[in-house]
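S.K.: Chains as they are written, first to last, in this note's numbering: chain R, -7 to 117; chain H, -7 to 117.
Number of protein chains: 2
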Amino acid sequence: MKTIGKLAKALDLSVETIRFYERENLIKQPQKPLSGYRLYDDSIANQLQFICRAKALGFTLKEIASLMSMDGNCSKVESLGLQKLKIIQSKISDLKRLEKVIKEMTNSCKTNDDQSHCPIIASLK
Amino acid sequence: MKTIGKLAKALDLSVETIRFYERENLIKQPQKPLSGYRLYDDSIANQLQFICRAKALGFTLKEIASLMSMDGNCSKVESLGLQKLKIIQSKISDLKRLEKVIKEMTNSCKTNDDQSHCPIIASLK
DNA sequence: ATAAACTCCGTACATGGGTACGGGGTCAAT
DNA sequence: ATTGACCCCGTACCCATGTACGGAGTTTAT
């Protein structure tokens, strides 16, 4: 059983963040003995790790709450995953288009003699 | 000369957004005659269009303010562009990695018989 | 001349994901 | 027994980029 500070350190989160997740109902408040100090067992630590991993995959906290409540319903989870996949793929193609435009712009700077007239600025005007 | 509402319509921005950009010093407050109403000539309209285009390329408002003040210094603009390019490219590779992971996860759902045990949830645990 | 539509200003609210603060109580080490 | 480290709670604040509101003045159309 760990106090909130120990748990935070173990998971590389801040104490405030754990309290924040509790406020947002991502995790439950654990048992609190006389002292009033939260005491965590492994089950909440595991949930927090789940949250961190899902966050790293780009799920929002709301979606993570969803995911956790969908435990035991694989097709729901799958459809949330597929939805996320679509968003990710469309972001990728947006960014690739952008990459192309900005590349072209910076290239045109390279072949530009007149320092006081920038082709990037010009093309935005 | 256009009032703020006409200008907003012409640029497909909201009146509030134009006032916001003014507060943020992206554009100057135009002349205001007796009535107190802002009256815009083309120069500010052009600046707003510049802002919109730069925003579409993924520049933040702060960067756009920078860009506008860099007019006439091509190498500075170029380096801001290259910096943005790097950020975009690293976002793309992050997202591609994510895409891969989520694809694998959702695929494993497809070949999963047990609806009540989701491999996505399992892999996050 | 009256009503509708527009503008003014300042301020508060929204989103997402936290971070920081302040005044207290508690626990662990010396 | 004292000191320092830890924890409690509620609240306010941060970032970026706007959006919304409300009461008052102005312009425009009928």
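Backbone N, C-alpha and C fix where the C-beta goes; we use that ideal spot for every residue, glycine too.
Alpha carbons only, please: which of H/-2, H/58, H/57 and H/53 is nearest the one belonging to residue 34 of chain H?
M.R.: The residue you call residue 34 of chain H lines up with position 42 of the second sequence. It is H/-2.
S.K.: If I follow the unbroken alpha helix (DSSP H) through residue 89 of chain R, where does it start and stop?
M.R.: Against the first sequence, residue 89 of chain R aligns to sequence position 97. Where residue 89 of chain R is concerned, the enclosing alpha helix (DSSP H) stretches over 66 to 102.
S.K.: With contact counted as at least three CB pairs below 8 Å, one residue from each stretch, are the stretch 62 to 72 of chain H and the stretch 99 to 113 of chain R in contact?
M.R.: Touching, per the Cβ criterion.
S.K.: So, with DSSP's three-state summary, where would you put residue 1 of chain H?
M.R.: Residue mapping note: residue 1 of chain H aligns to position 9 of the second sequence, counting from 1. Looking at residue 1 of chain H - three-state DSSP - the assignment turns out to be helix.
S.K.: Please compile the residues from chain H whose C-beta is within a distance smaller than 8 Å of the C-beta of residue 70 of chain R.
M.R.: Counting from 1 along the first sequence, the entry for residue 70 of chain R is found at position 78. Those are 98, 101, 102, 110 and 112, listed as they occur along chain H.
S.K.: Taking Cβ positions only, does residue 34 of chain R come closer than 8 Å to chain H?
M.R.: Sequence index remark: in the first sequence, residue 34 of chain R carries index 42 (1-based). So no, residue 34 of chain R is outside the interface.
S.K.: Is the beta carbon of residue 118 of chain H less than 8 Å from the beta carbon of residue 53 of chain R?
M.R.: Residue numbering for chain H in the displayed model covers -7 to 117; residue 118 of chain H lies beyond these limits and cannot be assessed.
S.K.: Give the DSSP-derived three-state secondary structure of residue -6 of chain R in the structure shown.
M.R.: Position 2 of the first sequence, counted from the first residue, corresponds to residue -6 of chain R. Residue state, collapsed to three classes: strand.
S.K.: Taking 7 Å as the cut-off, does the CB of residue 55 of chain R come closer than this to any heavy atom belonging to the ligand MN?
M.R.: With respect to the ligand MN, the structure shown offers nothing to examine, as it has no ligands at all.
S.K.: Comparing alpha-carbon positions, which option in R/112, R/6, R/91 and R/76 lies nearest residue 44 of chain R?
M.R.: Residue numbering aside, residue 44 of chain R sits at position 52 when the first sequence is read from its first letter. If we check each option's Cα against that of residue 44 of chain R, R/6 comes out closest.
S.K.: Does DSSP classify residue 18 of chain R as helix, strand or coil?
M.R.: The sequence position of residue 18 of chain R within the first sequence is 26, counting from 1. Three-state result, residue 18 of chain R: coil.
S.K.: Is residue -7 of chain H buried or exposed, if buried means 16 or more other CB atoms sit within 10 Å of its CB?
M.R.: Against the second sequence, residue -7 of chain H aligns to sequence position 1. Exposed.
S.K.: According to the neighbour-count rule (16 or more other Cβ atoms, all chains shown, within 10 Å of its Cβ), is residue 26 of chain R buried or exposed?
M.R.: Looking up residue 26 of chain R in the first sequence gives position 34. With fewer than 16 other Cβ atoms within 10 Å, it is exposed.
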